[in-house]
């Protein structure tokens, strides 16, 4: 049982305990602890890739798919921590606990990804959520931060309750919490029986809760407030790692235990997806706050992912995977840039703070330009290909009207991305923006990837096809 | 009508009553006390369901620790007793409405009958002894060992977060910052003033 | 002959290009280049004309240079050498040469001396392009280039407000005609798949039967084409209702008025119809239309000349009226007569204009005849030249104008076109009146010039200005007599014009010969009217023995050019402005841009602003939304399953 | 055939140089201008080489470069040219060369990136004209927005923010609908290659919807009435060179797209709707001419005139539908007319925008009333401008005439009314073009507040080059016809065969 | 035996009561936290009941973990509450609306 196959999680768990202890003794040398954590993550990611698991704990899945996703998460965390360290350091708010809590949350995401039973899933989600509650409230001096934290806490706990209620229903009507057994059970249930209805109810509860975690409309309501209230470094974490994890949870839940219910959840997901796209686009239109705007943009992006997933086809699955990875890339870049730009020693708050950035910091201006255009889905950037794949999947499944609606929303959403570009490039107001570095190689690579992968989209396409193929291997 | 049913009816109606009190009472202390009552009542009902260990845990952990924590916070924060304001009344019908809709949706469904459910493939049920605690302990440390470990992580996280969130240096404490002492330059301290010649 | 013709044609173009390159050289270069190039053309056209007649050549159509030859259409530079084009080119180049020579002195004080010659040379080239064209595309190109040079020359004085509005108007009105011409051209291309005159003449009959729908009516394709082409001619030759640009074009330098707006360009329409006479002969109804247009123009625009006071404008209206005669002749299928009048008119009208120019220069750019008087003594040469030109214009027996004009009137009457005949007859009277009006007012009475200049006989004007007057007098007075008989016998344009037999029959049965015609004319009503006109004007303008008050209403109508004046000056611009503003402000900006486009974005924006309020920030609202959504999903599922 | 990938070079050379210029702000003004000049010149030379090596007797696609781009989706990196593409590529490289020459004397803040964006734009335009994979086409088509957006937004006029956003969203709106059609077609065809779409059999309803989507997409780009309102705003705010490239090349993308997509794919629907579409074109020609007449801003006037001239292009294209059964020759005339009109308008509008830019330099106003009596001070310039205005009003002997003439001929082949209405443009275009000349160039400007002086040598070179080409195309459009003939013919025959 | 539905209905009522508690409450965040506790209680009820019905221990194991997690969660929640109180000097729900729009 204690084989080394769940090494990344174990490494991180044990390592983080060590860091907590070590940190107590070398309180002043924060950089050392930080390096230690980064080293841990690198080690874990190394093992995540190299160790090909041979067999599995019944409620914990190991596969190429999960290892790859974990690897991506770890790399993401590495980058995020890199930004975070410098950002917090600059804001004089650096505590090594921030990283330890983050790492625990990271473990939570990994558990979610590997979870093969509802209990494990619940624990993973909670580990992540608890970490996020703390991280959001981390900026103790800020009213907004604590307000956001308490909001997220109450709503998050409520959604946990809903999740649990759903789980209990599923457990009650199938007699198991193991994905595989649930799947078997559901496939043998009569479509018209009461039991079936109960399972559907349970599934809806779970869906609602997961959509909440995902930030999909109409369960998105917390997203903008929380994005705005928390530190940028928390926002960047919040908008990337949990999304990927929840996405994988979605995939695994819907494509393993609930696959026979696809005819029901596909409609729900499509509805939720469209609602997210519409709400994300429309609400974002008049936002003044940068993080808030990006939050709505995230909602709309999540909508694309869910929509593609709701198609229950190979190309839909492919598209959603593609979109998720691209979205994470883009979010990493956009928030990453914001961590580097500060105004009056605070993080960038309003879009108008960015006015004239192109004159004072052309490097960052170009980065934002590319990132925003990619988010808007303008070719040849990678964001375009992501949207293209989703729309193509929609059309291949004859959802023409929906696809028209979706592209119209894309046009609307393009407006607010353009507004940012407009502020940066076309306005010459004086600003007090300062940056603590002239450039950042990681950030540059990240942004160049948005362009490069857009010109060579087949790289990304091959990766996702591979991921999808190994995912399908497992689920069927 | 057997004794079990009577117990159930009494305790469950009490439970509902205390629950309503929890959410409606204007004084948070009262709410907390009612919540404690609810936990007690639940523990009894859980006993009826044969979950002895959990009912003990509920009382020990919840009433003993969590609810005390709640009360502690109530005291610490020195919160005024809230008045029932107009908004409360305004939203009450909505609350009742949702309450009813939700209940109709689910309760009707439950009433419909929960019997005759056909479970095809239930995995093995690990019952090794009569004792609920022993059984629980067994599965916890065999089948659910990984989850158990994770629960440990969660608790660690809880501790860590609670500390990091609430801990603050007392601003009244006077202490020296050695780094700043070392960093001092002469010109920061010494200011040469050219005086007027007398 | 071909090579010579090419040189003839190219010479003014080369002149233009050379002039373009010597922008900053002295005036001498400009004078030399421009005049010599035209001189070459002139001499060559006379020479080729001589060659043509002496060697009894037949008309030939030569494609010289192909620019584009695709199966769809071909654009080539071609020459149609026959008596018609050669005679026309002789007229054009001779008038052009004289005007060039005249201009040397007329324009000597102008800063843009060189530019003037660039334009005139270019104009001559364009005109020759029309004259020698053997296909419609080349015709159209020449046609437009002529319009362009006219545009540039009218607006030659770029600082003069009236001039630049006049050239704008002239170009636009010409464009109206061009629409007709272009449509005709396109139809030709569609129907015949060629634009070559000869090819079209050959297959005209087979195509004639083709019908085409225009606004629901069926027309013969050929008639439609001819009609459209004539609309082009109407604009260029200033026929009602597209005549109103011509008086305004008098804002240009006077030599230009002589060259372009009297002698050459305005006759391009006449020339074109004559050139296409084989086609026009086959049409039904179009010729009648032409006839009526012509006679209406001749009569009514002559009347307008009566009430004008600007010397150049009077002559301009006279030009329109005379062009009406030519058009009427075309309409009566008397193509050679039309050409004849074209030729004579070119000379005497050019002469009139040059005289006017001379007067204007002498009077320091005073053009109002009420303020000019008594120049007979001061400008004897101009006086004489003007006298001869006027006699020719009014058709005094034996002059060129007499032969050409009387023949047209008599022939129109002879062939039984009563109403046009009457209008043409009456217009003799008006012609006489306005001509005498200028003549008497300008040359008689008390001299209007300051005393110092009055007695200065020696310098009437520069010699360069007077020489052309001398030279032009000859053809203006005597040319008619010389070519009348051969022309009427159909010898002159034998091969080029259709329906010569009509003219010939008229000649044989009515005219007999020129002398007979001269004698006979004294007995006709024409002469009576002319004579009455002369008597009347002698007493009215010279003796001032009586005064006629024309009713104010009629006077107003005539002065306003039957409303065309207001139409062109106020209504059309105002309508266009109003329509434009309406379309721009009300439809484009208000309806489409603000109404549809910006409103959409505004609606979305305000929608966003409104729905944004749903995000209240209160936890209970948030939880309410989440729970409601959950319940909604549950209800939907409950209903669905 | 050449043994090197000439199209890829044409596409990527300017893009790469442009990116370098954009990213590195270290280049000085003069060196960046020199680099741009050299690059555009090189591209121009290469495109001439392309033109020379192009075999115009063969209707096949030439210089094909086809690589798998995204294998799973059958998306190809598929560059090729036919006659239509070659002509437009020539136009693009020529206009860009002129812009490089013109811009060499202009003074802009951050000039190296300014020029860089133009180079990127050039590459993308060439890519658009040579892409034969629909997604590749779409990518180039959409990417065009980015550099232009920045050019107008950064170096534009007062109201540039509004104009750029409007321009961007407007065109984006059109193109996303088009994208849906492309995806739909690709789903049916199983491939994204444009030529594979031609052989699809679509139901009538499908065709109508696809046609409408394409019509909106390309109609906005070209732009057609009533979706033209972005153009005047964009033009007014754009810097001179921006206006030039926008008017002379970018609008052509719409027409090109119509010929590539609309004509062959949605033939039946096109025939059904042709009268409405021709009506729209006629509205563009007449209505917009009136609107142009009312303008007080020189650039707006020319912008509206562009819309009106593009009306001829769309009309020529849509006439093909109308004439397909009736009169194939006239259809061919119409399509060639449309193509020639595109090229010619590219030259003439470029010239006019250059002219306005030169005047703006002195008067700092684009309003007609602020520019007065220019001819007194700038005779050569005025002469050239009058020439271009005349060309704009379709004077025979200039290129402006040929296209209009062919389209009107074709229209007459369809119905007299169409021909007549189209021909009215002769009057209307003259009325607004000459009004501009009359009010701006002529008149007596005693005071001369503006301090006009004759334009600089590089500007003279630019304008004279345009004069030469306008005249050459007007007098001897043979080479263009030869280039286009086979391709146009092929399109029409393939449509006819497809119907039969 | 008491029918299983009774328990389920009871738990559902408590669940709904707790949800109603979240949005009826206008004043005090603490009560919200207590409502949440009530919610988890009802869910636990469900799990135990169903586990009992199925004769399966999984339900109870689940409840065990839920109790653990909720304990940790309440700790964090209360900590956040304290931070909030320090910042705002109030834990009124109505004061929690700086983030909106």
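Chains as they are written, first to last, in our numbering: chain D, 824 to 1299; chain Y, 6 to 203; chain C, 10 to 650; chain R, 63 to 562; chain E, 298 to 398. Cβ coordinates follow ideal geometry from the N, Cα and C atoms, glycine included.
Beta-carbon within less than 6 Å of residue 471 of chain R's beta-carbon, same chain only, minus the 5 sequence neighbours each way: which residues are those? 395
Please classify residue 555 of chain C as buried or exposed, where buried requires at least 16 other C-beta atoms within 10 Å of its C-beta. exposed
Just the chain C side, please: which residues come within less than 8 Å of residue 395 of chain E by C-beta, in chain order? In chain order: 626.
Hey, how far is the Cα of residue 392 of chain R from the Cα of residue 603 of chain C? 39 Å
Can you check DSSP and say which residues form a bridge with residue 1257 of chain D? Per DSSP, the beta bridge partners of residue 1257 of chain D are D/1165.
Should residue 64 of chain C and residue 175 of chain C be called a contact, given that it needs their Cβ atoms to be closer than 7 Å? Going by C-beta atoms, residue 64 of chain C is not nearer than 7 Å to residue 175 of chain C.
Please list, in chain order, all residues of the same chain as residue 507 of chain C whose beta carbon is under 6 Å from its beta carbon, the five residues on each side excluded. 286, 287, 290
May I ask you to list the residues that DSSP assigns as paired with residue 195 of chain R? DSSP, once it has assigned bridges, lists R/255 as partnering residue 195 of chain R.
For residue 640 of chain C, which residues in chain Y fall below 9 Å Cβ to Cβ? Around residue 640 of chain C, the beta-carbon contacts reaching into chain Y at under 9 Å are 103, 106, 107, 110.
Locate the beta strand (DSSP E) running through residue 126 of chain R, then write down its first and last residues. Run containing residue 126 of chain R: 124 to 132, per the beta strand (DSSP E) assignment.
Could you compute how far the alpha carbon of residue 103 of chain Y sits from the alpha carbon of residue 1024 of chain D? 17 Å
Tell me, please, whether the CB atom of residue 310 of chain E is closer than 7 Å to any CB atom in chain C? no
Where residue 73 of chain C sits in the DSSP three-state scheme: Residue 73 of chain C carries a strand assignment under DSSP once its states are collapsed to helix, strand and coil.
In the DSSP assignment, find the alpha helix (DSSP H) that holds residue 339 of chain C and state where it starts and stops. 320 to 340
Could you check what DSSP says for residue 429 of chain R in three-state terms: helix, strand or coil? DSSP, reduced to helix, strand and coil, places residue 429 of chain R within a strand of the structure shown.
Taking the alpha-carbon of residue 1228 of chain D as reference, which of D/1015, D/1020, D/979, D/1127 has the nearest alpha-carbon? D/1127
Taking all protein chains shown into account, do 16 or more other C-beta atoms lie within 10 angstroms of the C-beta of residue 31 of chain C, making it buried, or fewer, making it exposed? exposed
What number of angstroms, rounded off, separates the C-alpha of residue 281 of chain R from the C-alpha of residue 187 of chain R? 17 Å
Taking its Cβ as the centre, do 16 or more other Cβ atoms sit within 10 Å of residue 139 of chain Y, making it buried, or is it exposed? Exposed, by the Cβ-count rule.
Neighbourhood of residue 400 of chain R by C-beta, 6 Å cutoff - its chain only, sequence neighbours within 5 removed: 375, 378, 379
List, in chain order, every chain R residue whose beta-carbon is nearer than 8 Å to that of residue 647 of chain C. Within 8 Å Cβ-Cβ: nothing; residue 647 of chain C doesn't reach chain R, min ~35 Å.
Kindly indicate which three-state DSSP category residue 167 of chain Y falls into: helix, strand or coil? helix
Have a look at residue 1061 of chain D and residue 556 of chain R and give me their C-alpha separation to the nearest angstrom. 56 Å
What did DSSP end up calling residue 917 of chain D once you bin it into helix, strand or coil? Residue state, collapsed to three classes: coil.
Can you confirm whether residue 135 of chain R, when its beta carbon is compared against all beta carbons of chain C, has any partner nearer than 7 Å? no
DSSP state of residue 1262 of chain D, grouped into three classes? Looking at residue 1262 of chain D - three-state DSSP - the assignment turns out to be coil, as it is neither helix nor strand.
Collapsed DSSP secondary structure at residue 1046 of chain D in the structure displayed: helix
Give, in chain order, every unbroken run of the alpha helix (DSSP H) that is at least 4 residues long and sits entirely within the segment 277 to 364 of chain R. Whole alpha helix (DSSP H) segments, 4+ residues: 292 to 299, 302 to 307, 313 to 319, 329 to 355.
Closer than 7 Å to chain D by CB, residue 162 of chain Y: yes
Simplified DSSP assignment, three categories, for residue 501 of chain C: Coil, per DSSP.
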